[in-house]
Structures are given as C-alpha cells and as structure tokens.
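Remarks on the structure that follows.
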Amino acid sequence: MNAPLLTIADLRVRFHNRDHDAVAGVSLSIGQGEIVGLVGESGSGKTVTAMSVAGLLPRKRCDYSGTILLDGVELLHADRRILRGIQGRSIGVVFQDPLSCMDPLMKVGAQVEETLLLHTDLSKAERRQMALEALAAVELPNPERVYNSWPHELSGGMRQRACIAAAVVIRPALLLLDEPTTALDVTVQAQILELLKKLNRESGISMLFISHNLGVVRKLCTRAAVMQNGVIVEEGDTERVFRHPRHAYTRRLIDAIPTRDGRRESA
Amino acid sequence: MKYAFRRLSALLLTMLIVSLCTFAAFSGISGSAAEARLGTQATPERVAALREELGLNRPFAVRYAEWLSGFATGNLGDSLTYRQNVGELLRDKVLVSLLLSGMSFALIVLCSIPLSLLVVRWAGTSLDVAHTLWNQFCMSVPPFFTGLLLSWVFGVALHWFTPGAFPGLSRTGEALHFLLFPAVAIAIPRIAMTVRMLRGTLLRELNRDYVRTAISRGSDRNSVLRRHVLKNALTPAVAFLAQMMAEIVAGVIVVEQVFGIPGLGRMLVVSISNRDYPVVQAIVVILAFWVVASNTAADLINVRIDPRLALRDE
Ligand SMILES: Nc1ncnc2c1ncn2[C@@H]1O[C@H](COP(=O)(O)OP(=O)(O)O)[C@@H](O)[C@H]1O
Ligand SMILES: [Mg+2]
Numbered sequence: 001m002n003a004p005l006l007t008i009a010d011l012r013v014r015f016h017n018r019d020h021d022a023v024a025g026v027s028l029s030i031g032q033g034e035i036v037g038l039v040g041e042s043g044s045g046k047t048v049t050a051m052s053v054a055g056l057l058p059r060k061r062c063d064y065s066g067t068i069l070l071d072g073v074e075l076l077h078a079d080r081r082i083l084r085g086i087q088g089r090s091i092g093v094v095f096q097d098p099l100s101c102m103d104p105l106m107k108v109g110a111q112v113e114e115t116l117l118l119h120t121d122l123s124k125a126e127r128r129q130m131a132l133e134a135l136a137a138v139e140l141p142n143p144e145r146v147y148n149s150w151p152h153e154l155s156g157g158m159r160q161r162a163c164i165a166a167a168v169v170i171r172p173a174l175l176l177l178d179e180p181t182t183a184l185d186v187t188v189q190a191q192i193l194e195l196l197k198k199l200n201r202e203s204g205i206s207m208l209f210i211s212h213n214l215g216v217v218r219k220l221c222t223r224a225a226v227m228q229n230g231v232i233v234e235e236g237d238t239e240r241v242f243r244h245p246r247h248a249y250t251r252r253l254i255d256a257i258p259t260r261d262g263r264r265e266s267a
Numbered sequence: 268m269k270y271a272f273r274r275l276s277a278l279l280l281t282m283l284i285v286s287l288c289t290f291a292a293f294s295g296i297s298g299s300a301a302e303a304r305l306g307t308q309a310t311p312e313r314v315a316a317l318r319e320e321l322g323l324n325r326p327f328a329v330r331y332a333e334w335l336s337g338f339a340t341g342n343l344g345d346s347l348t349y350r351q352n353v354g355e356l357l358r359d360k361v362l363v364s365l366l367l368s369g370m371s372f373a374l375i376v377l378c379s380i381p382l383s384l385l386v387v388r389w390a391g392t393s394l395d396v397a398h399t400l401w402n403q404f405c406m407s408v409p410p411f412f413t414g415l416l417l418s419w420v421f422g423v424a425l426h427w428f429t430p431g432a433f434p435g436l437s438r439t440g441e442a443l444h445f446l447l448f449p450a451v452a453i454a455i456p457r458i459a460m461t462v463r464m465l466r467g468t469l470l471r472e473l474n475r476d477y478v479r480t481a482i483s484r485g486s487d488r489n490s491v492l493r494r495h496v497l498k499n500a501l502t503p504a505v506a507f508l509a510q511m512m513a514e515i516v517a518g519v520i521v522v523e524q525v526f527g528i529p530g531l532g533r534m535l536v537v538s539i540s541n542r543d544y545p546v547v548q549a550i551v552v553i554l555a556f557w558v559v560a561s562n563t564a565a566d567l568i569n570v571r572i573d574p575r576l577a578l579r580d581e
C-alpha cells in the first residue's frame with residue numbers, strides 16, 4: 001500500500017483542568033479512500049482525537065504532543081494561518097448535532113457554500129451551482145428548495161445531509177465524522193450510512209468515522225480501532241475485530257450493540 | 268405579514284388602554300384642579316360655569332373619544348396656563364425631544380457596537396478587569412451630572428455652545444450642534460450598559476457549536492464574527508435597545524432641564540407644577556406611545572432577522 005493520507009503518531013492531549021490525559025498516546029493511520037472506524041465509550045477520547053486532526057483543539061487550554069501528518073504536512077503544531085488553509089479545504093468535519101452545528105440565521109445554501117467562499121475564488125453563480133450539486137449528491141430531494149431553506153425548516157436527517165454536503169462540496173481528501181448518526185433515528189441512520197458509502201465509492205474520499213456503536217462501524221468501515229481511556233486497545237480489519245475480539249473491552253462493546261428485538265439495531 | 272399585523276394590533280390596543288387610563292385619571296384630577304384655581308372666588312355658580320366651559324359636564328365616553336381623535340387632528344383642547352391649543356403648543360417640542368432621543372440613540376448604537384467588538388477581544392486578559400471597572404463607572408454617572416459637567420466645560424469654559432440658548436429647529440445645523448452635548452450626557456451610561464450586554468451576548472455566541480463548524484471550514488475569527496456571530500447577537504441587541512428607549516426618554520426629561528432645551532420634558536415639568544393637566548396628559552400619552560412604538564419596531568425588525576420568532580408565538 002502506498003503512503004497513508006493521514007498519520008497520527010503518539011498523540012497526547014491533556015486539558016489543563018483535568019488530571020488525566022484525554023488522549024494518551026494514540027497512533028492511527030488512514031489510507032487513501034479508506035474508511036476507518038473509531039469506536040469507544042463516551043469519554044474515551046474519540047472526539048478529542050478528531051478535533052486534534054481538524055485543528056479544533058483549544059490550544060491555550062491544553063498540553064499536546066505527537067505528530068499528525070496529512071499528505072506529509074504536520075497539523076498538530078502548525079501555524080494557525082497554515083491550518084486555516086487546510087481546514088475545510090483538505091479536511092471536512094461533520095459533527096453530531098446537525099441543529100446546533102448550523103448557524104440558525106443563515107440559509108442552508110449559504111452554509112453549504114461557505115468553504116467555497118473561503119477557499120476558492122469562484123463566482124457566486126458557480127458556488128451556487130456546486131452547492132446545488134452537493135445537495136443533490138447527498139440525495140436531498142429538491143435541492144433548489146433546500147438551498148433556500150432555513151435550518152429550522154429541515155428535518156434532522158435532512159439537516160445532517162446538508163452538513164455532509166457542506167463538508168464535501170469542495171471535495172476534501174479527508175472527512176471526519178464525529179458520531180454523525182447518533183442524534184438521528186434508526187432508519188435515517190441507515191440511510192446516512194448508505195450515503196457515506198456511496199460518497200466514498202464515487203469520490204474516493206477517506207473517512208474517519210467515530211461512533212460508540214461497533215455495530216454501526218461494522219456496516220461502514222473496512223478497518224476499526226477500539227479506544228478506551230485515551231488509548232487504542234485494539235485495531236484491525238473490522239470483521240476480524242468483530243468476530244475475534246482480542247480485548248475484553250471490545251467484547252463488552254460487541255455485547256452492548258443494541259439488537260433488533262431490543263432497542264433495535266440500526267437497519 | 269401576519270406577524271406584523273398581530274404586532275401592530277397589539278400596539279394599537281396597548282395605546283388605547285394607556286390613553287384610556289391616562290384620560291380617566293386626569294379627568295378626575297383636572298376637575299378639582301379647575302376648582303382649586305378659582306380659589307377663594309369659588310362659588311357653586313362659578314364652579315358650575317367653569318366645568319361647563321371646560322366641557323366636564325358631558326359624558327366621559329364622548330369626552331374621551333373627542334380627546335383621542337385629537338391626536339390625529341391636533342385638537343387636544345386648550346392649555347390652562349397658555350390659553351393655547353395643546354396640539355399647537357406641543358408640536359415643536361415633540362420634534363425637539365424626538366430629535367434629542369434620536370441623537371442619543373444613534374450615539375449609543377454607533378459607539379457600543381465597535382466598543383463591544385474591541386472589549387470582546389480583551390476577554391480573559393488583564394485589560395478585561397480595567398474595562399469592567401471603567402464600564403461600571405460610566406454606567407453609574409447620572410445624565411444630569413454629566414450634563415452639568417458638559418455645559419460647564421463646553422458651554423461656560425470653552426464657549427462651544429451657549430447653555431439655555433437653544434437656537435430653534437429652523438436653524439437645523441446649529442440645533443444639531445447644540446443637542447449633541449445633551450445627547451452625549453444621556454448616552455454615556457447607556458453606552459456602558461449596551462457594551463456590557465453586547466459583550467456577554469457575543470461571548471455566549473462565540474461558544475456556540477456553529478462557530479466551531481465555521482472554524483472547521485477554515486474561517487478566521489473576523490469572518491466568524493462578521494458572517495455568523497454578529498447576526499446572531501443582533502436580535503437580543505435590538506430588543507435591548509428598544510427597552511432602553513424608555514430610559515432614554517427619562518434621560519431626555521432630566522437633561523432638558525439641565526441644558527434649558529424647550530422640549531417635551533421641560534414642558535412636562537413646568538405643566539405639572541402649573542397643574543396644566545390637558546398638557547400633562549397629552550405629553551404622558553405621547554411619551555408612552557414613543558416607548559411602546561419602539562418596542563413594536565424592534566419586534567418587526569427582529570422577525571426579519573430571525574424568522575423563527577414569527578413561529579414562536581403562533
Ligand atoms: N474542552 C474540554 N475541556 C476539558 N476536558 C475535556 C474537553 N473536551 C474533552 N475533555 C475530556 O477529555 C476526555 C475525552 O473526551 P472526548 O474526546 O469528548 O470523549 P468521546 O468523544 O470519546 O466521548 C473526557 O474525559 C473529557 O472530559
Ligand atoms: Mg464525542
């Protein structure tokens with residue numbers, strides 16, 4: 001395999017107001033076009049890992065060390081200005097709650113176009129055209145109408161699709177998804193997973209998919225890393241991790257997957 | 268549109284209630300005030316004649332309806348002291364006071380927005396403490412004091428204007444120049460309050476999830492503020508400024524005394540001491556309308572900024 005797109009090496013993060021590491025030596029790589037799942041209980045450090053990659057760590061309020069290389073460019077210690085050129089352009093982020101993550105007073109279309117406005121000098125009409133294409137690519141019915149809607153006029157699932165469209169409109173190399181389906185109901189969750197697979201297949205975008213549900217990761221990811229208390233305790237081919245878990249914690253996560261007859265597994 | 272209609276009907280209803288209460292209260296007082304004016308000459312015949320002259324013998328509803336329509340026609344009855352129609356008497360004074368409150372308002376808006384953006388940058392630094400102290404100081408200086416200080420410094424010492432010699436509205440430029448000083452006196456504590464309010468709102472908005480999203484797309488701090496945060500901070504700011512209109516009106520009443528400005532405030536104080544109730548009740552209703560109308564205007568502006576507001580009280 002050729003050089004990975006993203007390489008995280010020995011990442012450590014400790015917030016000043018905590019007495020333990022939020023991330024305690026994580027190493028992980030993502031290849032071109034690969035979808036890697038990061039699973040673990042809440043508080044295990046998944047979000048902090050993703051935020052470190054996305055350049056969203058509150059640098060003044062934590063100590064951090066290690067390296068994060070994206071296509072050979074170091075991100076963790078990079079200058080803010082350099083980072084801003086990469087944020088959005090090379091790395092798209094989709095967060096958990098699509099309602100609070102959208103600006104309530106900006107039309108959906110303008111939010112989808114934001115990366116184009118920041119990183120390209122496309123004309124207004126060209127930006128609009130690309131935004132409409134992205135909204136169509138995330139399978140939103142009637143992109144024209146969605147483009148002119150306010151966030152509060154969309155359903156939860158539509159909002160998350162719009163957020164995905166906003167993250168991929170500029171075709172970044174890497175998409176970080178931090179529990180993107182946790183706030184959605186089960187059928188919508190399944191549709192979003194299908195959509196992500198399709199985007200990956202068609203555009204070859206690499207993804208880091210974070211979830212506390214190993215069952216969801218199994219449906220989407222080729223490789224999975226299991227995280228506990230800031231460290232990756234097990235990593236490998238998703239099916240292998242699922243069938244032959246080596247770590248007791250992984251087995252607990254497998255047992256915790258909601259099933260169809262209980263709280264219902266996702267489609 | 269439906270929202271605007273509801274707001275405007277609410278405005279009309281409020282003003283009807285306010286005017287009715289005012290009129291009812293003053294029609295009680297003004298009868299006895301008229302009698303009191305006759306003093307020792309008050310024979311029952313004279314009192315009856317006076318009540319007839321003042322129209323106090325006709326049914327309340329008729330008098331109220333007549334008086335209310337006077338706000339449209341300008342016929343609000345006669346002043347007891349000036350023997351002049353109240354509408355004519357107040358017309359210029361309303362404009363002077365409107366101009367003064369408008370100027371104070373403009374000063375508040377123009378100063379507090381850039382100041383709060385500056386102060387937000389200081390959050391968490393040592394400048395923050397200095398700012399908070401200074402802000403609290405400004406908030407606590409009463410307009411009459413600043414007014415006295417300004418008229419002494421710029422009027423008596425520097426001769427930039429002559430306190431008490433308001434040039435009149437026909438000389439617009441000079442009038443605006445004169446009113447700038449009282450407007451500053453009114454604005455200073457309100458600017459401090461508004462900056463404090465805006466600072467809190469901006470800091471709260473800067474912590475929202477949508478800001479993190481904007482940063483994840485590569486926005487710098489300025490474009491986050493410009494494109495997202497300012498608009499979100501605007502609706503609470505507009506509501507706050509509209510509520511402040513009541514305080515500006517209170518400031519206008521006080522400061523007109525200090526600078527000797529022939530406006531509604533001074534007329535109000537003079538008419539109260541003269542027991543000139545037709546004038547007083549008209550001024551009370553005009554001031555109330557000014558305050559209530561500002562709040563309605565704020566609601567109408569805010570619903571254009573945030574369409575969710577129209578859904579909220581459906
Ligand atoms: N902004 C922050 N300030 C202080 N501690 C934080 C902050 N963000 C996360 N943490 C801590 O870091 C640890 C990992 O959190 P997180 O990465 O959010 O977990 P996960 O996403 O796996 O649920 C937790 O102990 C959490 O309390
Ligand atoms: Mg998390």
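Chains as they are written, first to last, in our numbering: chain A, 1 to 267; chain B, 268 to 581. Quick reminder that beta carbons are idealized off the backbone N, C-alpha and C, glycines included. Only a predicted model underlies this, so the values are computations on that prediction, with no experimental measurement involved.
- Ranked by Cα distance from A:Thr67, the options A:Arg80, A:Ser42, A:Arg84, A:Leu28 are led by A:Leu28.
- Taking A:Arg12 as the centre and dropping the five residues before and after it, the same chain places the C-beta of Asp21, Val23, Ala24, Gly25, Tyr64, Ser65, Gly66 closer than 7 Å to its C-beta, in chain order.
- Considering only beta carbons, the part of the segment 497-522 of chain B lying closer than 7 Å to chain A consists of Lys498, Asn499, in chain order.
- For B:Ile482, the nearest CB of chain A lies under 8 Å from its own CB, placing it at the interface with that chain.
- The count of Cβ pairs closer than 8 Å, one atom from the segment 203-223 of chain A and one from the segment 35-54 of chain A, reaches three, so the stretches are in contact.
- What B:Ser393 touches in chain A, judged by beta-carbon distance under 9 Å, is nothing: the nearest beta carbon there is about 15 Å away.
- Interface annotation for the segment 465-482 of chain B against chain A: Arg475, Asp476, Tyr477, Val478, Arg479, Thr480, Ala481, Ile482, criterion Cβ-Cβ distance under 9 Å.
- A:Arg89 sits close to B:Gly485, with the two beta carbons spaced by under 8 Å.
- At a cut-off of 8 Å, the C-beta of A:Phe209 has no neighbouring C-beta in chain B.
- Rounded to whole angstroms, B:Ala517 and B:Phe526 show a C-alpha spacing of 15 Å.
- Counting only Cβ-Cβ distances below 9 Å, B:Arg575 has contacts in chain A at Pro104, Leu105, Trp150, His152, in chain order.
- Using a CB distance cut-off of 8 Å, B:Ile380 does not count as an interface residue toward chain A.
- DSSP, read as helix, strand or coil, puts A:Leu208 in strand.
- Contact of A:His16 with chain B by beta-carbon distance below 8 Å is absent, the smallest such distance being about 13 Å.
- Cβ atoms of A:Val108 and A:Ser155 stay farther apart than 8 Å, at about 12 Å.
- If you compare the alpha carbons of B:Val522, B:Ala291, B:Lys269, B:Ala504 with that of B:Ser383, the shortest gap goes to B:Ala504.
- Its chain contains Leu343 as the residues whose beta carbon lies nearer than 6 Å to that of B:Gly337, once the 5 sequence neighbours on both sides are disregarded; these appear in chain order.
- Annotation for B:Leu366: Leu446 place their beta carbon closer than 7 Å to its own, counting only its chain and skipping 5 residues before and after.
- Taking 8 Å as the threshold, the shortest C-beta distance from A:Phe242 to chain B does not fall below it.
- The C-beta distance from A:Leu75 to A:Gly55 rounds to 6 Å, short enough to fall under 8 Å.
- In this structure, the C-beta of B:Asn489 stays at least 7 Å away from each heavy atom of ligand 1.
- Spanning the alpha carbons of A:Thr115 and B:Ser483 requires a straight line of approximately 9 Å.
- Of the residues A:Arg127, A:Val53, A:Val48, A:Ile205, the one whose Cα lies closest to the Cα of A:Gly31 is A:Ile205.
- Annotation: B:Ile528 to B:Leu578 spans about 45 Å, alpha carbon to alpha carbon.
- Within 7 Å of the C-beta of A:Asp178 there is at least one heavy atom belonging to ligand 2.
- Interface flag for B:Asp487 against chain A is set, since a Cβ pair is found closer than 8 Å.
- For B:Tyr477, the uninterrupted alpha helix (DSSP H) segment begins and ends at 476-483.
- Sequence-distant partners of B:Thr348 (beyond 5 residues in either direction) whose C-beta falls short of 6 Å from its own C-beta, in its chain, are Asn541, Asp543.
- Look at A:Thr259: its beta carbon is at least 7 Å from all of the heavy atoms in ligand 2.
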